[in-house]
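Have a look at the structure below before the remarks.
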Amino acid sequence: MKSLEELRAIRDRARTNVHLRKENSPDNIRVVVGMATCGIAAGARPVLTTFTDEVAKRGLQNVMVTQTGCIGLCQYEPIVEVYEPDGRVTTYVKMNPEKAVQVVNDHLVNGKVVSELTIGSIGTMK
Amino acid sequence: MYRSHVLVCGGTGCSSSNSQLIIDEMEKEIEAAGLTEEVKVVKTGCFGLCALGPIMIIYPEGSFYSEVKPSDAHEIVQEHLLKGRIVKRLLYQETVQEGNNVKSLNETNFYAKQHRVALRNCGVINPENIDEYIAVDGYAALGKVLTEMTPQQVIDTVLASGLRGRGGAGFPTGRKWSFAAVNEADQKYVCCNADEGDPGAFMDRSILEGDPHVVLEAMAIAGYAIGASQGYIYVRAEYPIAVHRLQIAIKQAREYGLLGKDIFGTGFNFDIDLRLGAGAFVCGEETALMTSIEGHRGEPRPRPPFPALKGLFQKPTILNNVETYANVPQIILKGADWFASMGTEKSKGTKVFALGGKINNTGLVEVPMGTTLREIIEEIGGGIPNGKKFKAAQTGGPSGGCIPAEHLDVPIDYDNLIAIGSMMGSGGLIVMDEDTCMVDIAKFFLEFTVDESCGKCTPCRVGTKRMYEILDKITRGQATMEDLDKLEELCYYVKNNALCGLGQTAPNPILSTLRYFRDEYIAHIKDKTCPAGVCKHLMKYTIDPDKCKGCTLCARNCPVGAISGTVKKPHVIDNSKCIKCGACMEKCRFGAISKK
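For the protein sequence lines, the chains are A and B, in the order given.
The first sequence maps to residues 0 to 125 in numbering that gives the first Met the number 0.
The second sequence maps to residues 0 to 595 in numbering that gives the first Met the number 0.
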């Protein structure tokens, strides 16, 4: 170790590995992926891994990606819910990895809900 | 990228209840479920709640699973990791609330009142991975010290923080460092006392197992402050996990150039080596410890000269305890004022206690100085099992004393404990309930010091033995009141004349029990009874003929054939044969057998 910069570089790289192990703070955005049998069968697993990877890649330390069971809307799986600190909940339905990237980009990073993917636009969805 | 971390305790407590097997099973199940890329299993240090081990925490949810068995791995992986359904049956009960909510761990009684400084990384990081330590600002304090501060500024900061030695005596750490700093020499040494020998104390072990790098970093800081280039950690060979992790930590630190030559390109050189102690209690005494590092028989020598002037290999040396070092990097990073804001007027910061004995939450707790014994025992410790009454707490192990119920509300710090006849010691806290005989406790500790006395000086070698013999006589009901006077006189004699701390503090368990429980001594001597019903020679098991149904169960279970009688007739115990093992009382279904 020849300089403080070297230490900082290691720290920043290693931090993304341990930031998961914090008590969940109320300021965090929670991304919840439905991972019951119905969700997994509909392809929730790649959606979940896409969220984890994208969140890590962008270093979004305030986002916690987690799973949940079946919420009863099996025909719309994979379902992803985004809980924001202000209590707002957005429900995305019929997700896939590409849509997940879009949600990370627009919603988690830029705070813009991707309305065409939410449960509200189910009627117009293909 | 991992979406979930499974932290499994790899401290000594959980390891002895098979946590390694749990890790193996979890890895197997995770692979079987195809989650290897998503879930990472991390072996950490101690979480503190040893009573409920083996312990596992799963993040990001923060689910705290207790008493996990290897056979639970399948369910945890299938339910929690695959489907996101927390396995409620394994959760630490206190975290499960009404309405099926799961409470945060930091809100539970055990953790809410704790304040973790020395233990901050234990149970959070993987102690065998230097990157994880660096991720939580590890080695940043060393970097700051080497690039921004002068040695004198380091000493001044430690001095201003009010940090005192956590090994027991409570000497101000900054002063120790400043003494060694002013003594000129071609070579100086920094030593770490990890020879934790008090029965019931395990905080140093847990720090070394859970966060070994913090000790290395602090020793390097101390080396810079006093002008030393070599450090030694004297650790007990009975701590194999701690030794192993220290070896890994030293190797990784050397690879990263955080130990060795020209650290951070500042020209500062510092390296650390391990020395294993063979388990002699006296080697925890500073002069004996250094004699042992030099390769000689571990015996103390008179002071002065103090180690700051002539220590290891006759060179200026500082010796601090593991927990003391664990506080140093935080003091450098967060400042002396931050540290001094915790604790009492003369005892700053926090103290780690190893809670043991008759208490529900056996384990490791760290609280700000000034917390009362009542808070530690009743709130954090969860009280005494089986609804028994608190009788006393022993602090400081064989060098300390007991604290009776009347002092439960005294804020714990170095000076208050001395004032009530005990001492901080290294932090063992053994809780005793009404079934404990105080004479027997004093005898237990004296037996320990008799064993561990190195024999160099007469007051300790002969004195502890004689004190033990008198105590033994008392527990046999053969002592007189003159013996008690002689015992007390002997206590003061040994206290004032022994060569080192071991002998000087050996009488403390007797003196403090005499101070608070003299009536128990007198009951043993005058009435020939043991009020707590512990001393075997002073009690008798009897069968109540009215309650005995003559089932013969007791007679069949008596290992020495002391019980006689015919079927369906009351039985009798022959007290000349009885060895007072209590097996009959345990087996009797009618409550017919009593002891007094």
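Each residue gets a CB set at the ideal place from its N, CA and C atoms; glycine is no exception.
Mind checking which residues open and close the beta strand (DSSP E) that includes Thr-621 of chain B?
It is not possible to answer for residue 621 of chain B, since the shown part of chain B is limited to 0 through 595.
Thr-49 of chain A and Val-100 of chain A: beta carbons closer than 8 angstroms?
Within the first sequence, residue 49 of chain A is the residue found at index 50, counting from 1. Within the first sequence, residue 100 of chain A is the residue found at index 101, counting from 1. If you check the CB distance, Thr-49 of chain A and Val-100 of chain A come in under 8 angstroms.
Where does the unbroken alpha helix (DSSP H) through His-243 of chain B begin, and where does it stop?
Within the second sequence, the letter at position 244 stands for residue 243 of chain B. Counting along the chain, the alpha helix (DSSP H) containing His-243 of chain B begins and ends at 239 to 254.
Does His-4 of chain B have its Cβ less than 8 angstroms from a Cβ in chain A?
What you label residue 4 of chain B is simply residue 5 of the second sequence in a count that begins at 1. Closer than 8 angstroms: yes.
Alpha helix (DSSP H) containing Asn-415 of chain B: first to last residue?
Residue numbering aside, residue 415 of chain B sits at position 416 when the second sequence is read from its first letter. Bounds of the alpha helix (DSSP H) holding Asn-415 of chain B are 413 to 418.
Provide the residue span of the alpha helix (DSSP H) that contains His-212 of chain B, from first to last.
To locate residue 212 of chain B, count along the second sequence from 1; it is residue 213. His-212 of chain B -> alpha helix (DSSP H) spans 211 to 225.
Within 8 angstroms of chain B by C-beta, residues of the segment 84 to 109 of chain A in sequence order
none
Should Tyr-223 of chain B be labelled buried (16 or more other beta-carbon atoms within 10 Å of its own) or exposed?
The residue labelled residue 223 of chain B in the question sits at position 224 within the second sequence. Per the 10 Å Cβ criterion, buried.
Rounded to whole angstroms, what is the Cα-Cα separation between Tyr-188 of chain B and Lys-309 of chain B?
Counting from one through the second sequence, the residue named residue 188 of chain B turns up at place 189. Counting from one through the second sequence, the residue named residue 309 of chain B turns up at place 310. Their Cα atoms are separated by approximately 10 angstroms.
Nearest chain B C-beta to Ser-55 of chain A closer than 8 angstroms, yes or no?
On the first sequence, position 56 is the one that residue 55 of chain A refers to. Sequence check: residue 55 of chain A is Ala here, not Ser. Yes - at least one Cβ of chain B is within 8 angstroms of the one on Ala-55 of chain A.
Quick check on this structure: which residue in B:Val-366, B:Cys-580, B:Gln-329 and B:His-523 has the alpha carbon closest to the alpha carbon of Ala-139 of chain B?
Walking along the second sequence from the start, residue 139 of chain B turns up at place 140. Nearest C-alpha to Ala-139 of chain B: B:Gln-329.
Cβ pair His-4 of chain B, Arg-20 of chain A closer than 8 angstroms:
On the second sequence, residue 4 of chain B is found 5 positions in, with the first residue counted as 1. On the first sequence, residue 20 of chain A is found 21 positions in, with the first residue counted as 1. Yes. Within cutoff.
Partners in chain B for Leu-59 of chain A, counting only beta-carbon separations shorter than 8 angstroms
Counting from 1 along the first sequence, the entry for residue 59 of chain A is found at position 60. What Leu-59 of chain A touches in chain B: nothing, since even the nearest Cβ is about 12 angstroms away.
Just by C-beta distance, which residues in the segment 113 to 134 of chain B are closer than 7 angstroms to chain A?
Val-123, Ile-124, Asp-130, Glu-131, Ile-133 and Ala-134
Who are the neighbours of Tyr-58 of chain B on chain A, taking C-beta pairs under 7 angstroms?
Mapped onto the second sequence, residue 58 of chain B falls at position 59. Going along chain A in sequence order, the residues near Tyr-58 of chain B (Cβ under 7 angstroms) are Leu-19 and Arg-20.
Pull up the DSSP beta-bridge partners for Gln-66 of chain A, would you.
On the first sequence, residue 66 of chain A is found 67 positions in, with the first residue counted as 1. The partner list for Gln-66 of chain A (beta bridge, DSSP) reads A:Val-32.
Assign Tyr-491 of chain B to buried or exposed, taking buried as 16 or more other Cβ atoms, counted over all protein chains shown, within 10 Å of its Cβ.
Here residue 491 of chain B is taken as the residue at index 492 of the second sequence, counted from 1. Exposed, because fewer than 16 other Cβ atoms sit within 10 Å of the Cβ of Tyr-491 of chain B.
Kindly list, in the order they appear in chain B, the residues whose Cβ is closer than 7 angstroms to that of Leu-72 of chain A.
Here residue 72 of chain A refers to the residue found at position 73 when the first sequence is read from its first residue. Per Cβ cutoff of 7 angstroms: no residues; Leu-72 of chain A is ~16 angstroms from chain B at best.
If you reduce the DSSP assignment to three classes, tell me which class His-272 of chain B lands in.
Here residue 272 of chain B refers to the residue found at position 273 of the second sequence. First, the amino acid is wrong: residue 272 of chain B is Asp here, not His. Three-state DSSP puts Asp-272 of chain B in a strand.
Strand pairing of Met-55 of chain B, partner residues [DSSP]:
Position 56 of the second sequence, counted from the start, is the residue given in the question as residue 55 of chain B. In DSSP, Met-55 of chain B forms a bridge with B:Val-7 and B:Tyr-64.
Which residues in the same chain have their Cβ closer than 7 angstroms to the Cβ of Leu-145 of chain B, if we skip the five residues on either side of it in sequence?
Here residue 145 of chain B corresponds to residue number 146 of the second sequence, with the count starting at 1. Within the same chain, Tyr-223, Ile-262, Phe-263, Thr-265 and Phe-267 come within 7 angstroms of Leu-145 of chain B by CB-CB distance, once the 5 residues on both sides are set aside.
The beta strand (DSSP E) spanning Met-431 of chain B covers which residue range?
Indexing the second sequence from 1 puts residue 431 of chain B at position 432. Where Met-431 of chain B is concerned, the enclosing beta strand (DSSP E) stretches over 427 to 432.
So for Arg-578 of chain B, helix, strand or coil by DSSP?
Here residue 578 of chain B corresponds to residue number 579 of the second sequence, with the count starting at 1. Going by the sequence as given, residue 578 of chain B is Ile instead of Arg. Reduced to three states, the DSSP call for Ile-578 of chain B is coil.
Between Val-364 of chain B and the rest of its own chain, which residues show a CB-CB distance below 8 angstroms, the 5 nearest in sequence each way excluded?
For the purposes of this step, residue 364 of chain B is taken as residue 365 along the second sequence, with counting starting at 1. Here the set comprises Gly-47, Phe-109, Gln-113, Val-351, Phe-352, Leu-354, Ile-375, Ile-379 and Gly-380.
Determine, using beta-carbon pairs with one atom in the segment 75 to 91 of chain B and one in the segment 389 to 403 of chain B, whether at least three such pairs fall under 8 angstroms.
no
Looking at the strands, I want to know which residues DSSP matches up with Ser-593 of chain B.
For this step, residue 593 of chain B is matched to residue 594 along the second sequence. B:Thr-541, per the DSSP bridge assignment.
Mind checking Lys-42 of chain B: buried by the 16 CB within 10 Å criterion, or exposed?
Position 43 of the second sequence, counted from the first residue, corresponds to residue 42 of chain B. Buried, by the Cβ-count rule.
Using the three-state DSSP reduction, which class does Pro-410 of chain B fall into: helix, strand or coil?
Within the second sequence, residue 410 of chain B is the residue found at index 411, counting from 1. Note: Pro-410 of chain B maps to strand in three-state DSSP.
Proximity below 8 angstroms, CB of Phe-444 of chain B to CB of Pro-403 of chain B:
The sequence position of residue 444 of chain B within the second sequence is 445, counting from 1. The sequence position of residue 403 of chain B within the second sequence is 404, counting from 1. Going by C-beta atoms, Phe-444 of chain B is not nearer than 8 angstroms to Pro-403 of chain B.
Using a Cβ-Cβ cut-off of 8 angstroms, state whether Ile-78 of chain A counts as contacting chain B.
Residue mapping note: residue 78 of chain A aligns to position 79 of the first sequence, counting from 1. Not an interface residue.
At a cut-off of 7 angstroms, would you count Glu-468 of chain B as near the ligand SAH, judging by its Cβ distance to the nearest heavy atom?
With respect to the ligand SAH, the structure offers nothing, as it holds no ligand at all.
Select from the segment 246 to 280 of chain B all residues with a C-beta closer than 8 angstroms to any C-beta belonging to chain A, and list them in chain order.
Tyr-255, Gly-256, Leu-257, Asp-261, Ile-262, Phe-263 and Gly-264
So, at 8 angstroms on beta carbons, what are the nonlocal neighbours of Ser-593 of chain B in its own chain, with the 5 sequence-adjacent residues on each side left out?
As a position in the second sequence, residue 593 of chain B is number 594, starting the count at 1. Excluding residues within five positions, the ones whose Cβ falls inside 8 angstroms are Tyr-540, Thr-541, Asp-543 and Met-584.
In the DSSP assignment, what residue or residues form a beta bridge with Arg-163 of chain B?
Within the second sequence, residue 163 of chain B is the residue found at index 164, counting from 1. The beta-bridge partner set that DSSP reports for Arg-163 of chain B consists of B:Pro-171.
If we ignore side chains and look at the alpha-carbon of each, how far apart do Asp-408 of chain B and Gly-420 of chain B end up?
Within the second sequence, residue 408 of chain B is the residue found at index 409, counting from 1. Within the second sequence, residue 420 of chain B is the residue found at index 421, counting from 1. Spanning the two alpha carbons is a distance of roughly 15 angstroms.
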